[in-house]
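S.K.: Protein chains in written order, with the numbering used here: chain A, 287 to 642; chain B, 6 to 294.
Ideal placement from N, C-alpha and C gives every residue a C-beta, glycine not left out.
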Amino acid sequence: MQLALTLEKIVKRYGATTALGPIDIDVRQGELLTLLGPSGCGKTTTLHIIAGLTTPTEGRLLLNGRNITALAPPYRDIGLVFQNYALFPHRTIAENVAFGLRMRKVPKAEITVRVRAILNVVGLPNVEERYPNQLSGGQRQRVALARALVIEPSILLLDEPLSNLDALLRKKMRLELREIQQRLGITTVFVTHDQDEAFEMSDRVILMNGGHIEQIGSPEALYDSPQTRFAASFIGEASLTPCTIAQVRGDDVVADLGGGMTIPAKAVRPVDGVGSQALLMARPERVTLSEPNATDALPMTISKRVFQGERILFELTAANGHAFQCSVPSIEKYREMQPGLNVGAVLHECRVIPGA
Amino acid sequence: MRTDPSETQNVVAAARPGRAVEAPKVDLSGLGRVAFGLMITLLYVFLLAPILIVVFASFSPTMSNTYALSQASLHWYREFIGNSSFVSAFKFSLLLALLASFFATIIGLLTSYAIVRFLGRARTIGQSIAMLPMMVPHILISLSLLLLLTRFPLPEMSVLVIGHILICLPFTIAGIMASLEGVDPDIEAAAYTLGANRLRVLWEVTVPLVAPGVLSAAIFAFIISFGDVYIALFISGPGVTTLPVEIFSYVQWESSPVIAAITTVQIVMIILFGLFIERLVGLRSVMRI
Chain A
287 MQLALTLEKI
297 VKRYGATTAL
307 GPIDIDVRQG
317 ELLTLLGPSG
327 CGKTTTLHII
337 AGLTTPTEGR
347 LLLNGRNITA
357 LAPPYRDIGL
367 VFQNYALFPH
377 RTIAENVAFG
387 LRMRKVPKAE
397 ITVRVRAILN
407 VVGLPNVEER
417 YPNQLSGGQR
427 QRVALARALV
437 IEPSILLLDE
447 PLSNLDALLR
457 KKMRLELREI
467 QQRLGITTVF
477 VTHDQDEAFE
487 MSDRVILMNG
497 GHIEQIGSPE
507 ALYDSPQTRF
517 AASFIGEASL
527 TPCTIAQVRG
537 DDVVADLGGG
547 MTIPAKAVRP
557 VDGVGSQALL
567 MARPERVTLS
577 EPNATDALPM
587 TISKRVFQGE
597 RILFELTAAN
607 GHAFQCSVPS
617 IEKYREMQPG
627 LNVGAVLHEC
637 RVIPGA
Chain B
6 MRTDPSETQN
16 VVAAARPGRA
26 VEAPKVDLSG
36 LGRVAFGLMI
46 TLLYVFLLAP
56 ILIVVFASFS
66 PTMSNTYALS
76 QASLHWYREF
86 IGNSSFVSAF
96 KFSLLLALLA
106 SFFATIIGLL
116 TSYAIVRFLG
126 RARTIGQSIA
136 MLPMMVPHIL
146 ISLSLLLLLT
156 RFPLPEMSVL
166 VIGHILICLP
176 FTIAGIMASL
186 EGVDPDIEAA
196 AYTLGANRLR
206 VLWEVTVPLV
216 APGVLSAAIF
226 AFIISFGDVY
236 IALFISGPGV
246 TTLPVEIFSY
256 VQWESSPVIA
266 AITTVQIVMI
276 ILFGLFIERL
286 VGLRSVMRI
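(1) Answer yes or no: do B:Ala201 and A:Ala372 have a C-beta to C-beta separation smaller than 8 Å?
(2) Nearest-angstrom Cα distance between A:Leu633 and B:Arg203?
(3) Are the C-beta atoms of A:Met389 and some chain B residue less than 8 Å apart?
(4) Does DSSP classify B:Cys173 as helix, strand or coil?
(5) Look at A:Arg416 and A:Thr378 and say whether their C-beta atoms are less than 8 Å apart.
(6) So with CB distances below 8 Å, who are the chain A contacts of B:Ile181?
(7) Could you compute how far the alpha carbon of B:Phe253 sits from the alpha carbon of B:Ala94?
(8) Within 10 Å of its beta-carbon, does B:Tyr197 have 16 or more other beta-carbons around it, so buried, or fewer, so exposed?
(9) Run through chain B and tell me which residues come within less than 9 Å of A:Phe374, C-beta to C-beta.
(10) Using the beta-carbon count (16 or more within 10 Å), is B:Phe51 buried or exposed?
(11) If you drop the 5 nearest sequence neighbours on each side, which residues of the same chain put their C-beta closer than 6 Å to that of A:Leu455?
(12) Taking the beta carbon of A:Pro512 as the centre, do at least 16 other beta carbons fall within 10 Å, making it buried, or is it exposed?
(13) Could you check which residue in A:Gly641, A:Ala583 and A:Ile296 has the C-alpha nearest to that of A:Ile354?
(14) Could you tell me if A:Glu596 is buried or exposed, where buried requires 16 or more neighbouring beta carbons within 10 angstroms of its beta carbon?
(15) Are the CB atoms of A:Gly307 and A:His498 nearer to each other than 8 Å?
(16) Do we get a CB-CB distance below 8 Å when we pair B:Gly200 with the residues of chain A?
(17) From the DSSP output, in three-state form, read off A:Ile521 for me.
(18) Give me the Cα-Cα distance between B:Pro110 and B:Arg128, rounded to the nearest whole angstrom.
(19) Would A:Ala380 pass as an interface residue toward chain B - the criterion being a Cβ-Cβ separation below 8 Å?
(20) Less than 8 Å between CB atoms is the rule here; does A:Pro528 satisfy it with respect to chain B?
(21) Could you work out which residue in B:Glu209, B:Leu101 and B:Ala183 is closest to B:Ile170 when comparing CA atoms only?
(22) Could you give the DSSP three-state label for A:Leu442: helix, strand or coil?
(23) If we count Cβ pairs, one from each stretch, closer than 8 Å, do we get three or more for the region 81–90 of chain B versus the region 134–149 of chain B?
(24) Less than 8 Å between the C-beta atoms of A:Arg521 and A:Tyr509, yes or no?
(25) Would you call B:Leu36 buried or exposed, if buried means 16 or more other Cβ atoms sit within 10 Å of its Cβ?
(26) Exposed or buried, what is A:Asn606 when buried is set at 16 or more other beta-carbons lying within 10 Å of its beta-carbon?
(27) Is it the case that the region 428–448 of chain A contacts the region 356–364 of chain A, given that we only count it when at least three CB pairs across the two stretches are under 8 Å?
(28) Buried or exposed: where does A:Pro556 fall if 16 or more other Cβ atoms within 10 Å of its Cβ makes it buried?
(29) Report all residues from its chain with a CB closer than 6 Å to the CB of B:Ala77; omit the five preceding and five following residues, and keep chain order.
(30) Cα separation between A:Arg433 and A:Leu461?
(31) Residues in the same chain with beta-carbon distance under 8 Å from B:Tyr136, minus the five sequence neighbours each way, listed in chain order, please.
(32) What residues in the region 535–557 of chain A bring their beta carbon closer than 7 Å to a beta carbon of chain B?
(33) Return the first residue and the last residue of the alpha helix (DSSP H) that A:Ala432 is part of.
(34) Can you find a CB in chain A that lies within less than 8 Å of the CB of B:Asp189?
(35) Give, in chain order, every residue of the region 471–491 of chain A whose Cβ lies closer than 8 Å to some Cβ of chain B.
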């Protein structure tokens, strides 16, 4: 796999406080890599370091093998799309999109052709003569994308580009953005705090927290095998319960939750052996409900019920006091179940995170 | 891939901040209304009477300041145009004000850009220092410039220009800073990442966006320079001087409506500028220091 961009031991310090790193990131040619994390996790700082808007305190940046650490943004060959689009309000859409080409001294005739072509790619023909304030948020978003893409940068950087759109449009733009990215095959680094965006759009996701990297992997890997407590709690819904390892056979372990409650699970990485401490992760959608005395089922009591429309979320409490979330489709069978009801719960595909 | 109209509507509606500022309603009736009207009228009379008296006097047909309106004449305006020392002082003031406002605007633009974009936490300090010449009495500035002139015999004109730049700077800085604060730093960053160097960003993006503020700051500086008495009084020696100084020395010996005529010309000039600024950015944003 060819690397487009490499961040080597990048550190950003403000005075005595370390805001970021050291982090190492490899961005593969043509992939969409997402930096995901809560606010203040360092994802935007990382993006600004790649763009050159922030200078790293330590470390190196290699773009296509070339060291660009000390290079100012105008000479970096990157396209950056801002959260608020940052279009030039005093220029028409055509002038906005043409800006980067003009700075690169591309001949006028070619600029006209390329501007028109890229506006077609982002699905915005016939707006060339308008001004940014005459466009809707979604249209401005597309113009910002076109402006970054038209210079055919080595790498496209997206800084929470969808967060200013309303929910419906955001969902639509996710797919569109991904489609354009794949069609052009452009290497992209995408920053978001929204895990749904990260899952739907990314080839790989880097989960960040407190200025360092928690985990790198495909969306599926992050969801299925979170390596840390933070990863397990930040991504998706999960019930996290401390447990002791009772049995080990390869990946397959049995977790002891106390009070005679044991659950088979898969370890996300090798455990320290029988008797070691770990964290059991149960995803709500992988919990099924049955009769209280069914075989394999753990006896629990419904302690809370939240109606979510298409799904119903139950909170279940076991005899030993541990609580688990259970999400079921909103069908008649489950509609009737109210708090206080005794049920049997089967926890499928649980994970054990050693040492967490 | 096409934007459907519903998308457009949604976003436009969402982007519009629902922040309607309502003026406090004052409920007045009868006597209160009359008293309120009277107060306002008195206030305007107080503010405008001096100007109106001067304008009235300028059209006098004689040396006297009182005349019947039907006798109004342009006699004193002719007198002004015919008086070579007044005309050359007027031209001199015009040139000085143009130079001072030009440089004060350029320096003010760069200073306010630096204060707004690069000072970070030291910003309030930078702002206060930039405002200092406004706090210092002009007579002090004039005195120190005079001392400078005795130490270094610079050309009189250059010291005058420097002095006027000094008294204009706080106003240009404050005015341009107000405009700069309205420019999203991300817009500059966007141009920067698209291949424009810092100077290019300033020229292509920032300056066009603050142009109305810059222009009104220039006009404001012009007005301040044109009206200055102290600095010109201290610095300019014998020979050509500025209009206010010329007027000043004239009224020491005699009083004639020619001064009123000159002043009226200035008032008209300033009102025109004021209207122009009002159209550009609104006077309030420039006056707010």
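M.R.: This is what the structure gives:
(1) On the second sequence, residue 201 of chain B is found 196 positions in, with the first residue counted as 1. On the first sequence, residue 372 of chain A is found 86 positions in, with the first residue counted as 1. No. Outside cutoff.
(2) Taking the first residue of the first sequence as 1, we reach residue 633 of chain A at position 347. Taking the first residue of the second sequence as 1, we reach residue 203 of chain B at position 198. C-alpha separation (whole angstroms): 59 Å.
(3) As a position in the first sequence, residue 389 of chain A is number 103, starting the count at 1. Judged by the 8 Å Cβ criterion, A:Met389 is in contact with chain B.
(4) Here residue 173 of chain B corresponds to residue number 168 of the second sequence, with the count starting at 1. Of the three classes helix, strand and coil, the one that applies to B:Cys173 here is helix, per DSSP.
(5) Locating residue 416 of chain A in the first sequence gives position 130, where the first residue counts as 1. Locating residue 378 of chain A in the first sequence gives position 92, where the first residue counts as 1. Contact: yes.
(6) Along the second sequence, one-based indexing puts residue 181 of chain B at 176. Residues of chain A passing the Cβ test: none, with the nearest at roughly 17 Å.
(7) As a working mapping, residue 253 of chain B is identified with position 248 in the second sequence. As a working mapping, residue 94 of chain B is identified with position 89 in the second sequence. Spanning the alpha carbons of B:Phe253 and B:Ala94 requires a straight line of approximately 12 Å.
(8) For this step, residue 197 of chain B is matched to residue 192 along the second sequence. Under this definition B:Tyr197 is a buried residue.
(9) For this step, residue 374 of chain A is matched to residue 88 along the first sequence. The contacting residues are Ile192, Ala195, Ala196, Glu209, Val210, Pro213 and Leu214.
(10) What you label residue 51 of chain B is simply residue 46 of the second sequence in a count that begins at 1. Flag for B:Phe51 reads exposed.
(11) Here residue 455 of chain A refers to the residue found at position 169 when the first sequence is read from its first residue. Once the five neighbours on either side are set aside, the close Cβ partners of A:Leu455 are Gly424.
(12) Position 226 of the first sequence holds residue 512 of chain A. Taking all protein chains in view, the Cβ of A:Pro512 is crowded by 16 or more other Cβ atoms within 10 Å, so the residue is classified as buried.
(13) Counted from its first residue, the first sequence places residue 354 of chain A at position 68. Comparing Cα-Cα distances from A:Ile354 to each of A:Gly641, A:Ala583 and A:Ile296, the minimum goes to A:Ile296.
(14) Reading the first sequence from its first residue, position 310 is the one you call residue 596 of chain A. In this structure A:Glu596 is exposed. Its beta-carbon is surrounded by fewer than 16 other beta-carbon atoms within 10 angstroms.
(15) What you label residue 307 of chain A is simply residue 21 of the first sequence in a count that begins at 1. What you label residue 498 of chain A is simply residue 212 of the first sequence in a count that begins at 1. Against a cut-off of 8 Å, the Cβ pair of A:His498 and A:Gly307 comes out as a contact.
(16) For the purposes of this step, residue 200 of chain B is identified with residue 195 of the second sequence, where counting begins at 1. Interface residue, yes.
(17) Here the question's residue 521 of chain A lines up with position 235 in the first sequence. The DSSP-derived three-state label of A:Ile521 is coil.
(18) Counting from 1 along the second sequence, the entry for residue 110 of chain B is found at position 105. Counting from 1 along the second sequence, the entry for residue 128 of chain B is found at position 123. First, the amino acid is wrong: residue 110 of chain B is Thr here, not Pro. For B:Thr110 and B:Arg128, the distance between alpha carbons rounds to 20 Å.
(19) In the first sequence, counting from the first residue as 1, residue 380 of chain A sits at position 94. For A:Ala380, the nearest beta carbon of chain B is not closer than 8 Å to its own beta carbon.
(20) Within the first sequence, numbered from 1, the residue matching residue 528 of chain A stands at position 242. Under the Cβ criterion of 8 Å, A:Pro528 is not counted among the residues facing chain B.
(21) Residue numbering aside, residue 170 of chain B sits at position 165 when the second sequence is read from its first letter. Nearest of B:Glu209, B:Leu101 and B:Ala183 to B:Ile170, Cα basis: B:Leu101.
(22) For the purposes of this step, residue 442 of chain A is taken as residue 156 along the first sequence, with counting starting at 1. DSSP places A:Leu442 in strand when its eight states are reduced to three.
(23) The answer is no - the region 134–149 of chain B does not touch the region 81–90 of chain B, with fewer than three Cβ pairs under 8 Å.
(24) Here residue 521 of chain A corresponds to residue number 235 of the first sequence, with the count starting at 1. Here residue 509 of chain A corresponds to residue number 223 of the first sequence, with the count starting at 1. Contrary to the premise, residue 521 of chain A reads as Ile rather than Arg in this sequence. In contact: A:Ile521 and A:Tyr509 (Cβ atoms closer than 8 Å).
(25) The residue labelled residue 36 of chain B in the question sits at position 31 within the second sequence. With fewer than 16 Cβ atoms within 10 Å of its Cβ, B:Leu36 is classed as exposed.
(26) In the first sequence, residue 606 of chain A corresponds to position 320, counting from 1. So A:Asn606 ends up on the exposed side.
(27) Because the criterion of three Cβ pairs below 8 Å is met, the region 356–364 of chain A and the region 428–448 of chain A touch.
(28) Numbered from its first residue, the first sequence carries residue 556 of chain A at position 270. That one is exposed.
(29) Taking the first residue of the second sequence as position 1, residue 77 of chain B is located at position 72. These residues qualify, in order along the chain: Phe64.
(30) In the first sequence, residue 433 of chain A corresponds to position 147, counting from 1. In the first sequence, residue 461 of chain A corresponds to position 175, counting from 1. Rounded to whole angstroms, A:Arg433 to A:Leu461 spans 19 Å at the Cα level.
(31) By 1-based counting over the second sequence, the position of residue 136 of chain B is 131. The identity of residue 136 of chain B in the sequence shown is Met, whereas the question assumes Tyr. Pro175, Ile178, Ala179 and Ile294, listed in sequence order.
(32) Result list empty, no residue passes.
(33) Within the first sequence, the letter at position 146 stands for residue 432 of chain A. Its alpha helix (DSSP H) spans residues Gly423 to Leu435.
(34) Here residue 189 of chain B refers to the residue found at position 184 of the second sequence. It does; some Cβ of chain A falls within 8 Å.
(35) Residues of the region 471–491 of chain A with a Cβ closer than 8 Å to any Cβ of chain B: none.
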